[in-house]
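Visitor:
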Amino acid sequence: MRSSPAPRASGALLVLGLCLPAASAVQAQAGSQVYYVCPGNVFTNTITAKEAEQRGCKAREAQQPTSVAMPKARPAPSGSPASAKVNDADQRARESDARRILESELAKEEAALEALRREYNNGEPERRGDEVRNPQKYIDRVAEMKAAITRKEADIAALRREISKVAS
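Numbers -28 to -1, 1 to 140, taken from mature numbering (1 follows the signal peptide of the UniProt record, and there is no 0), label the letters of the sequence shown in order.
(1) Using a Cβ-Cβ cut-off of 7 Å (strictly less than) and excluding sequence neighbours within five positions of Tyr110, which residues of its own chain qualify?
(2) Would Ala21 be called buried (16 or more neighbouring beta carbons within 10 Å of its own) or exposed?
(3) Could you check whether Ile135 and Leu85 sit closer than 8 Å to each other, using their CB atoms as the reference points?
(4) For Tyr92, which residues of its own chain have a beta-carbon under 8 Å away from its beta-carbon, when the five flanking residues on both sides are left out?
(5) If you pair each beta-carbon of the segment 27 to 47 with each one of the segment 67 to 80, do three or more pairs fall below 8 Å?
(6) Run through the DSSP bridge pairs and tell me what Thr16 is partnered with.
(7) What residue from Thr16, Gln63, Gly95, Arg89 has the CA that sits closest to Ala34's CA?
(8) Look at the alpha carbon of Asp60 and the alpha carbon of Lys80, and state the distance between them as a whole number of angstroms.
(9) Let me know if Val130 comes out buried or exposed under the rule of 16 or more other beta-carbons within 10 Å of its beta-carbon.
(10) Around the Cβ of Ala24, are there at least 16 other Cβ atoms within 10 angstroms (buried) or fewer (exposed)?
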């Protein structure tokens, strides 16, 4: 018995009908990015849907990031200090003031460092009354003093660097 052309056409339509949903799913997946959230808070987009199902992962659709336009910058008014230029004499006066301030800070910090070093007494400061019975207090105070001296030295070095940056 020969089959007629009509059943072949319906068979072809049936096969085509089964393939279309799969093709549209692939297109939908290609158009939107899908990632998976797996147990253990693992996020991945490198596994297939079948692997994700086996691992117990949940599919999520990635969203495009939101962008907000920044407000346009307003031009500074012509009389504002930002647009005014500083003449050389004013600039030298500012630098001189800055240098004077930095040098006074340096002198103050050096005096404080000298006082700390005197009290530290080369790692053997005088014991206080409560430190005689509790030697750990003494050890802690000596360590704090040493750390304070190190910080003061770093501060002084930073001030000297700043002074060297300011023109004389």
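Each residue gets a CB set at the ideal place from its N, CA and C atoms; glycine is no exception.
Guide: According to the structure shown:
(1) Residue numbering aside, residue 110 sits at position 138 when the sequence shown is read from its first letter. Within the same chain, Tyr110 has close Cβ partners Arg99, Glu103.
(2) For the purposes of this step, residue 21 is identified with residue 49 of the sequence shown, where counting begins at 1. With fewer than 16 other Cβ atoms within 10 Å, it is exposed.
(3) Within the sequence shown, the letter at position 113 stands for residue 85. Within the sequence shown, the letter at position 163 stands for residue 135. Cβ distance not < 8 Å, so Leu85 and Ile135 don't count as in contact.
(4) Taking the first residue of the sequence shown as position 1, residue 92 is located at position 120. Answer for Tyr92: Val114, Met117, Lys118, Ile121, listed in chain order.
(5) By the C-beta criterion, the segment 27 to 47 is judged not to be in contact with the segment 67 to 80, since fewer than 3 inter-stretch pairs fall below 8 Å.
(6) One-based indexing of the sequence shown puts residue 16 at position 44. Note: Thr16 sits in a beta bridge opposite Tyr8.
(7) Within the sequence shown, the letter at position 62 stands for residue 34. Of Thr16, Gln63, Gly95, Arg89, the residue nearest in Cα terms is Thr16.
(8) On the sequence shown, residue 60 is found 88 positions in, with the first residue counted as 1. On the sequence shown, residue 80 is found 108 positions in, with the first residue counted as 1. Distance between the alpha carbons of Asp60 and Lys80 is about 30 Å.
(9) Here residue 130 corresponds to residue number 158 of the sequence shown, with the count starting at 1. At residue 130 the sequence reads Ala, which differs from the Val that was named. Result: exposed.
(10) In the sequence shown, the residue the question calls residue 24 occupies position 52. Buried, since its Cβ has 16 or more Cβ neighbours within 10 Å.
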